[in-house]
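J.: Taking numbering that gives the first Met the number 0, the leading residue of the sequence shown gets 0, the next gets one more, and so forth. Can you keep this structure in mind? I'll have questions shortly.
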Amino acid sequence: MAQSLLAHVPADTLPAHIGIIMDGNGRWATKRGLPRSAGHKQGADTFSKIARHCREIGIPFLTAYAFSTENWRRPADEVGEIMGLLRRYLKDTKLHQDENARICFLGDREPLADDIKEMMEQVEHESAHRTGITINLALNYGGRDEIIHAVRRLSAQCASGEFKPEDIDEDLLSRQLYTAGQPDPDLIIRPSGEMRTSNFLLWQSAYSELVFMDVLWPDFTPAHLDHAILEYLNRTRRFGGI
Ligand code: IPE
Ligand code: IPE
Ligand code: MG
């Protein structure tokens, strides 16, 4: 924290929730003549450092986009490597203990391997009481998929007579999303130079400030995060008002 560019920023002006689209792992590796999997490995290390930094500067919620519903379109060996890294990450019995982090997973778990699903449940259970920061890992996450699941659940509840279609409002729908009970992201950061959100937190990002950065995720440092937050602090959020 002593070295943070944000040392003099009042804590209550910081974003309560930051989302990060961790993109650019493959290009990082290719540039170095390495297999793409080396980029994913380096990207996972970057995530650990950034999670620690978020805890240090006092960000209450951090969501990291790790694997999208569209990423299954990649070659099977790359998907396999990513799942292997995920297993290694989840196996860490001290996972984000230093950050006193509660860990949650956003996304459809159904297509994931049984051992991964079990580890996810265990990590969630073991970290549930922690209060330092909430870390959401978006795994097999898609914003459209999330909304479809929410609509299916609401439709079923309507059909069973729990409420009427006209009772459905933003609050009721939000409560069916993977982020139920959490604030919407104030700031979404996408490194790698791409300027799109690739199906990340579609509903929740309605009024998020977007910061696109020309750095590949494995090269992303705490200073990059601080710069993105400083840019966020310079924005005027109007939420449709004046
Ligand atoms: C992000 O990096 C990681 C995942 C999407 C799983 P990429 O693998 O998309 O890296 P680039 O965009 O090809 O460089
Ligand atoms: C977005 O990156 C998904 C994650 C970072 C997990 P992609 O690399 O999949 O996005 P596109 O294909 O460039 O839009
Ligand atoms: Mg990419």
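Heads up, the beta-carbon is just placed ideally off N, CA and C, and yes, glycines get one too.
Using the C-alpha atoms, what's the distance from R31 back to G25?
T.: 10 Å
J.: Helix, strand or coil for A15? Go by DSSP, reduced to three states.
T.: In this structure, A15 counts as coil in the three-state DSSP scheme.
J.: Per DSSP, which residues does Y64 bridge with? Please list them.
T.: I20, A137
J.: Would you check whether ligand 2 has a heavy atom nearer than 6 Å to the C-beta of M21?
T.: yes
J.: For T133, which option in A179, R108, A37 has the closest C-alpha, if you only look at C-alpha atoms?
T.: A179
J.: Can you list the alpha helix (DSSP H) stretches of 4 or more residues lying completely in the segment 151-199, in chain order?
T.: 169-173
J.: Beta-carbon within less than 6 Å of M194's beta-carbon, same chain only, minus the 5 sequence neighbours each way: which residues are those?
T.: So the list reads F211, once near-sequence residues are dropped.
J.: Helix, strand or coil: which one does DSSP assign to L85?
T.: helix
J.: What is the DSSP secondary structure of L5, counted as helix, strand or coil?
T.: coil
J.: Do F199 and I19 have their C-beta atoms within less than 7 Å of each other?
T.: No, they are not a contact pair.
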